[in-house]
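Notes follow the structure.
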Amino acid sequence: YVGLFNWLFAKKHGGKFLLRIEDTDQVRSTPESEASIMRAMKWLDLAYDEGPDIGGPCGPYRQSERTEHYRVHTKLLLDKDLAYRCFCTEERLKERRAIQMAAKLPPGYDGSCRAIAKAESERRATAGEPFVVRLKVDKSGKTIVKDVLRGDIEFSHTEIDDQVLMKSDNFPTYHLANVVDDRLMGITHVLRAEEWISSTPKHVLLYQAFDWPAPVFCHLPLLRNADRTKISKRKNPTSLDWYRSQGYLQEALVNFLALMGFAPAEGEGSEVFDREQLLARFDLDKISIGGPVFDLTKLEWLNGEWIRRQSVEGLADRLLHFLAHDGPVEGRTRLPPRDLVLKIVPLIQERMKKLSEWDEWTDYFFKESVVLTKDAFRRAKLPPAQLAMVLTACADLLGKNSNIDHGRDEPALRELAGKLGVKVGDLFMSLRVAITGKSATPPLLESMELLGHATSVARLRAAAQFLAEGDPGEL
RNA sequence: GGCCCCAUCGUCCAGCCUGGCUAGGACAUCGCCCUUUCAAGGCGGUAACACGGGUUCAAAUCCCGUUGGGGUCACCA
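For the record, in the first sequence the residue sitting at position 43 is 710 according to this note's numbering, with numbers rising by one throughout.
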């Protein structure tokens, strides 16, 4: 979501879009988490101009490979006396916090290590005592954060902690690494989620400490769960891999994400738009600020819209690709032949909301025989004996020809219904269940054409026999 | 709890800046039409300015307060 808006903004203004991996948490960062980010960017077609896998003039693009930069810049602040070493143990800090919380005081570092003389600090560090480096925040005064969407936001310095910049493992925190890298990589605009607002004054203070101009900040609204809390994977599918495996089209997801917090200008009509149209309409200032609830219902509708916008060939190929690579049934070995898919697609295209529905719409084309139940025939509203008679009559009628032709056979079947004294709808429903095993299906006669004459007639006879054998009382 | 952000139909958005609204669109929902099923499509309906004060001829729009929701207060990002 945030990536899309960054991409749009960069493209809109002829800027560069770079991917930087912020992997300074040595516990949480894994090759898999990085791969999943890149997979997602690739799937959504948010191509970056520079990044860890393609290089660029600002590399390296993994923070774990840029530690020298952070070391140098930390030393700079230490030398200017704008930062200091803190030797407090985690236990001491935790205890402190607990006491503060209990006393209903705002938790925060008390700055006790500020008092350690420089020479003493150097000595302890050299002796190998573990420490972190903190920013020295002047507790008087205030810092104003300029946010594109919200205007000026004021923070009193009493609210700003002496932020840790360097952790005891010699890795930087987000705050330091982000500021240093944004400067070094020439980042002009920071578009990130709203949850960062309260850390932004710390970043502004850091820019000031380095004597650098701050970039433009724009905090995007946080996507929400249905209960309005910040979106989480417990309450919502947040992995892009999930959407792909569910058969959502990349275009639909981008379209949907764009709609969260953004609307096409008045009079521009449809909410269904492609990348190009989105880019043309995109405007940072038009982003709405309330946290949108992430609601899959509208996404499903949009996905259906996008499925219907595909050409038959295009959809067939996407289905094939989905079945082979993305679907819930991973790496399916038996793929339907492309020429058959091409013929089935027109029958299901306007019925499908997700690619993953392929199996439920088309299973009867691929099964040897369909599973029949009396219950399935209920909607034909005829007693079993009559059902069997109707099906036999239909089989006889169709059996006279050597193929199925919906243009010729449909009127003939209607006529037959009249002769047999059953409703047209009931006759077709009984056929439908006999052929497919269910009462909601793609167009029937066209399906039978694809199934083939022999199979179709055989299924009718099998169903007639099944019904004739059954206990009439059951219906 | 402190600080910060936010507040229009069930949901997403428009309208707010630059007061004039019988508050508009989309999804969902309900009804009708089309129809051999299911869809798709067409037509129509239900449905919202959180509350209280102010300013004004006039407030969804401007101001203040209240309430509600969210975020954040880590050697996580």
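Think of the CB as a built atom: it goes at the ideal place given N, C-alpha and C, for glycine as much as any other residue.
None of these values were measured; they are calculated from a predicted model.
query, result
"Classification of Pro1050 by the beta-carbon crowding that lies within 10 angstroms, buried from 16 upward", "exposed"
"Buried versus exposed call for Lys771 [16 or more other C-beta atoms within 10 Å across all chains shown]", "exposed"
"Three-state secondary structure (DSSP) of Ser1106", "coil"
"Delimiting residues of the alpha helix (DSSP H) encompassing Tyr737", "734 to 746"
"Boundaries (first-last residue) of the alpha helix (DSSP H) holding Met768", "757 to 769"
"Per DSSP, cross-strand counterpart(s) of Leu685", "Glu717"
"Cys780 - containing beta strand (DSSP E), residue span", "First-last for Cys780: undefined, no H or E at that position."
"Pro1109 classed as buried or exposed, judged by whether at least 16 other C-beta atoms fall within 10 angstroms", "buried"
"Stretch-stretch touch, CB-based, cutoff 8 Å, three pairs: the region 823 to 832 with the region 867 to 884", "yes"
"Of the residues Ser703, Val1038, Asp984, Asp819, the one placed nearest Ser906, counting alpha carbons only", "Ser703"
"Local conformation of Ala750 per DSSP, three classes", "strand"
"Through-space distance from Trp674 to Val739, alpha-carbon basis", "31 Å"
"Under the three-state DSSP convention, the category Cys725 falls into", "coil"
"Burial state of Val800, where buried means 16 or more other Cβ atoms lie within 10 Å", "buried"
"contact_flag[the region 882 to 901, the region 960 to 973] where n(CB pairs < 8 Å) is 3 or more", "yes"
"Beta-bridge partners of Gly957, as assigned by DSSP", "Answer is none; Gly957 lacks a bridge partner."
"Environment of Asp1076 [buried if 16+ CB atoms lie within 10 Å]", "buried"
"Host alpha helix (DSSP H) of Phe923 (start-end)", "917 to 926"
"Secondary structure of Arg790, DSSP reduced to three states", "helix"
"Status (buried if at least 16 other CB within 10 Å, exposed otherwise) for Trp1025", "buried"
"Element boundaries [beta strand (DSSP E), containing Val831]", "831 to 833"
"Alpha-carbon spacing of Leu987 relative to Thr741, whole angstroms", "53 Å"
"Alpha-carbon to alpha-carbon, Ala947 and Ala786", "59 Å"
"Whether Val846 touches His824 by CB criterion (7 Å)", "no"
"Selected residue, minimal CA-CA separation from Lys965, among Phe923, Lys1067, Pro719, Ala1129", "Phe923"
"Given 8 Å, three or more beta-carbon pairs between the region 1082 to 1099 and the region 1029 to 1040", "no"
"Helix, strand or coil at Leu816 according to DSSP, with G and I counted as helix", "coil"
"Delimiting residues of the alpha helix (DSSP H) encompassing Val1057", "1051 to 1066"
"From Pro774, Lys900, Lys834, Leu843, residue whose alpha carbon lies closest to that of Pro797", "Lys834"
"As assigned by DSSP and simplified to three states, the class of Ser823", "strand"
"Three-way DSSP call (helix, strand, coil) for Val939 in this model", "coil"
"Run of the beta strand (DSSP E) containing Val1124, from where it starts to where it stops", "Val1124 -> not in any beta strand (DSSP E); alpha helix (DSSP H) instead, spanning 1120 to 1136."
"Whole-angstrom distance between Trp973 and Asp1042, CA atom to CA atom", "35 Å"
"Buried versus exposed call for Ser807 [16 or more other C-beta atoms within 10 Å across all chains shown]", "exposed"
"For Ala860, the three-state DSSP class (helix, strand or coil)", "strand"
"Close beta carbons around Pro719, own chain, < 6 Å, minus the five adjacent residues each side", "Ile688, Tyr728, Arg729"
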